[in-house]
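Student: This is the structure, below, for whatever I ask next.
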Amino acid sequence: ALPICFPVTIGRQNSSHLSFYSRTNLTGDGMNIGQIQTVPGLRGFHMAISFGLNSNQMRTRLNSENASTSYTPSDTRGLFSISRINASEYKGFRNASNVFTFTEASNTPGNIQMIIGAINTTDGVSDYSTHECAFATIGDGLTDTEVSDLYTANTYRDRETDRKSTRLNSSH
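Numbering-wise (the numbering used here), the sequence shown opens with residue 47 and increments by one.
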């Protein structure tokens, strides 16, 4: 697990996104990226993407207390993103396609570190994932077009990396 940032410093309550690019197709796995901060007497502050809590379901939270409706991909390889660009809902994406919209008012972002490959809670890091992460992004909310552009840029990067590997391997 890799600690990367404090959500309260990089995102805004009504404009945030998380994305996680998985290279592996696994079931029954843990948290891919996230943090959950609970404050006694107050609601929790949550940002997370996970798989496998129930079969192979993708469960998410983005500045929200409740988990989204689940989405069950046939394959857990690819770019999984969630993006909030308003106070009342956020969207989930697989690669460049919108796969759900979840309606829930936003909370203030938490003030503990975001973790790639696990979940960071007020009590510590847990629920480690065995998905291989090619890259992750965190920041302001993305429109549908911007999520598509992020996916396209990664597809281009993968294609160039494969082409360079092929040239290197064929020169030996």
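Where is the CB? At the ideal position from N, CA and C, for every residue including glycine.
Sort out for me which residues DSSP pairs residue 170 with in a bridge.
Tutor: On the sequence shown, position 124 is the one that residue 170 refers to. Paired residues: 167.
Student: Would DSSP call residue 113 helix, strand or coil?
Tutor: As a first step, residue 113 must be located in the sequence shown, where it is residue number 67. It is coil, neither helix nor strand.
Student: Who are the near neighbours of residue 123 in its chain, counting only those whose CB is closer than 6 Å to its CB and skipping five residues on each side?
Tutor: By one-based count along the sequence shown, residue 123 stands at place 77. Sequence-distant Cβ neighbours of residue 123 in its own chain, meaning closer than 6 Å and more than five residues away, are 68 and 71.
Student: Measure from the alpha carbon of residue 73 to the alpha carbon of each residue in 164, 120 and 145, then state which is nearest.
Tutor: By 1-based counting over the sequence shown, the position of residue 73 is 27. Out of 164, 120 and 145, 120 has the C-alpha closest to the C-alpha of residue 73.
Student: Do residue 175 and residue 104 come within 8 Å of each other at the CB atom, strictly closer than that value?
Tutor: As a first step, residue 104 must be located in the sequence shown, where it is residue number 58. As a first step, residue 175 must be located in the sequence shown, where it is residue number 129. No, the Cβ-Cβ distance between residue 104 and residue 175 is not below 8 Å.
Student: Rounded to the nearest angstrom, how far is the Cβ of residue 61 from that of residue 130, given a contact under 8 Å?
Tutor: Numbered from its first residue, the sequence shown carries residue 61 at position 15. Numbered from its first residue, the sequence shown carries residue 130 at position 84. That belief holds up - the Cβ atoms of residue 61 and residue 130 are roughly 7 Å apart, short of 8 Å.
Student: Would residue 136 and residue 148 be called neighbours here (beta carbons separated by less than 8 Å)?
Tutor: The residue given as residue 136 occupies position 90 in the sequence shown. The residue given as residue 148 occupies position 102 in the sequence shown. The answer is yes: Cβ separation under 8 Å.
Student: I need the DSSP call for residue 191, collapsed to helix, strand or coil.
Tutor: Translated into positions along the sequence shown, residue 191 becomes position 145. Three-state result, residue 191: helix.
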